[in-house]
Amino acid sequence: MQTLRTVSEMQNVARELRSAGRTIAFVPTMGALHEGHLDLVRLAATKADVVVVSIFVNPTQFGPNEDFQRYPRDLEGDSAKCETAGAHYIFTPTKDELYPAGYSTFITEESVAKPLEGISRPVHFRGVTTIVAMLFNIVQPTCAIFGQKDAQQVAVIRKMVADLHLPVEIITCPTTRDHDGLALSSRNAYLTPTQRQAALAIPRTLQAIKAMAEKGERRVERLTAEATHLLADQRQIRVIYVALVDPQTMQPLRELEPGNALLAIAAWVDETRLIDNILL
Ligand code: AMP
Numbered sequence: 159m160q161t162l163r164t165v166s167e168m169q170n171v172a173r174e175l176r177s178a179g180r181t182i183a184f185v186p187t188m189g190a191l192h193e194g195h196l197d198l199v200r201l202a203a204t205k206a207d208v209v210v211v212s213i214f215v216n217p218t219q220f221g222p223n224e225d226f227q228r229y230p231r232d233l234e235g236d237s238a239k240c241e242t243a244g245a246h247y248i249f250t251p252t253k254d255e256l257y258p259a260g261y262s263t264f265i266t267e268e269s270v271a272k273p274l275e276g277i278s279r280p281v282h283f284r285g286v287t288t289i290v291a292m293l294f295n296i297v298q299p300t301c302a303i304f305g306q307k308d309a310q311q312v313a314v315i316r317k318m319v320a321d322l323h324l325p326v327e328i329i330t331c332p333t334t335r336d337h338d339g340l341a342l343s344s345r346n347a348y349l350t351p352t353q354r355q356a357a358l359a360i361p362r363t364l365q366a367i368k369a370m371a372e373k374g375e376r377r378v379e380r381l382t383a384e385a386t387h388l389l390a391d392q393r394q395i396r397v398i399y400v401a402l403v404d405p406q407t408m409q410p411l412r413e414l415e416p417g418n419a420l421l422a423i424a425a426w427v428d429e430t431r432l433i434d435n436i437l438l
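Written out as structure tokens, the structure reads:
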């Protein structure tokens, strides 16, 4: 496995690979890798000849009061994990390499990105679409793997790729969970054991609402009210949103359509913002 740090190194490798007819599967990440990321890398290895993982804590997707500075970073640990999981290249540029002084070009998706995360994190998806489009341009992948854990992110990326006719196949990997049900996230590192116990109300709620839906409940207000009620049981949790939406458009559903509904939750567990979701 090779680690590349500059745009020109990555572009040269991508050009050589593509002109030799090799396919590239790309996994964009912000590092502090866990088994969820590694599942993406392992899936990538089954989809193309060569796997490229990017590790870059992208400043433009963090709001001014968010955790950009304290976001966990561990390049050495990440490299070892990527190699074991089957990556061939790590692309880990500096902030100045991707956003030199005077940088002024942004990509915004203006529909799917608007609700849910778009409301409480207004600059987030503008940063995500900008960095992903930029990385696609540099890495030249045939396909790219994203986690269902960030369901709105995948939907936004799919829309951007369709709208801009980008020649990249988007593949979604199911959410990887810890043994206790909590979705793996680099931000779980912020949680104390007590906060982690409280956070478990999130996956428990998703499962409880899934069970209600499976028993035939179709009324969106009933399902979301019950989810809010279950989360409210935990003193340390403050709900940001609970929403039943169309998984492609992120628009609210009037009635549950089994097989085409996403229950999405965002909540503060004390100072840590967590998101999770389930397809119903
Ligand atoms: P991040 O480093 O948090 O930006 O995530 C990089 C990629 O890993 C994104 O496509 C995420 O959706 C995905 N990812 C993060 N956590 C999980 C998880 N628990 N299961 C599956 N994919 C995940």
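Per my numbering, residue 159 is the first one in the sequence shown, and the count goes up by one each step. From the three backbone atoms N, C-alpha and C, an ideal C-beta is built for every residue, glycine too. This one's a predicted model, so the numbers in the text were calculated from it and none came from an experiment.
Three-state class that DSSP yields for residue i in the structure shown
i: residue 160; result: strand
i: residue 212; result: strand
i: residue 229; result: coil
i: residue 221; result: coil
i: residue 320; result: helix
i: residue 285; result: helix
i: residue 264; result: coil
i: residue 279; result: coil
i: residue 186; result: strand
i: residue 259; result: coil
i: residue 363; result: helix
i: residue 389; result: helix
i: residue 332; result: coil
i: residue 383; result: helix
i: residue 326; result: coil
i: residue 174; result: helix
i: residue 235; result: helix
i: residue 351; result: helix
i: residue 179; result: coil
i: residue 375; result: coil
i: residue 418; result: coil
i: residue 242; result: helix
i: residue 369; result: helix
i: residue 203; result: helix
Heavy atom of ligand 1 within 7 angstroms of residue i beta-carbon
i: residue 188; result: yes
i: residue 343; result: yes
i: residue 301; result: no
i: residue 334; result: yes
i: residue 307; result: yes
i: residue 221; result: no
i: residue 276; result: no
i: residue 197; result: yes
i: residue 311; result: yes
i: residue 304; result: yes
i: residue 240; result: no
i: residue 285; result: no
Proximity below 8 angstroms, CB of residue i to CB of residue j
i: residue 183; j: residue 205; result: yes
i: residue 309; j: residue 422; result: yes
i: residue 328; j: residue 304; result: yes
i: residue 432; j: residue 360; result: yes
i: residue 287; j: residue 300; result: no
i: residue 270; j: residue 245; result: no
i: residue 296; j: residue 408; result: no
i: residue 236; j: residue 191; result: yes
i: residue 213; j: residue 250; result: yes
i: residue 231; j: residue 189; result: yes
i: residue 319; j: residue 221; result: no
i: residue 219; j: residue 285; result: yes
i: residue 274; j: residue 385; result: no
i: residue 420; j: residue 194; result: no
i: residue 203; j: residue 298; result: no
i: residue 434; j: residue 353; result: no
i: residue 357; j: residue 340; result: yes
i: residue 162; j: residue 257; result: no
i: residue 376; j: residue 324; result: no
i: residue 180; j: residue 208; result: yes
Assigned exposure category for residue i - 16 Cβ within 10 Å defines buried
i: residue 278; result: exposed
i: residue 317; result: buried
i: residue 348; result: buried
i: residue 262; result: exposed
i: residue 418; result: exposed
i: residue 264; result: exposed
i: residue 238; result: exposed
i: residue 405; result: buried
i: residue 160; result: exposed
i: residue 307; result: buried
i: residue 346; result: buried
i: residue 276; result: buried
CB-CB length for residue i against residue j, believed under 8 angstroms
i: residue 371; j: residue 381; result: 7 angstroms
i: residue 185; j: residue 198; result: 5 angstroms
i: residue 425; j: residue 389; result: 6 angstroms
i: residue 201; j: residue 331; result: 5 angstroms
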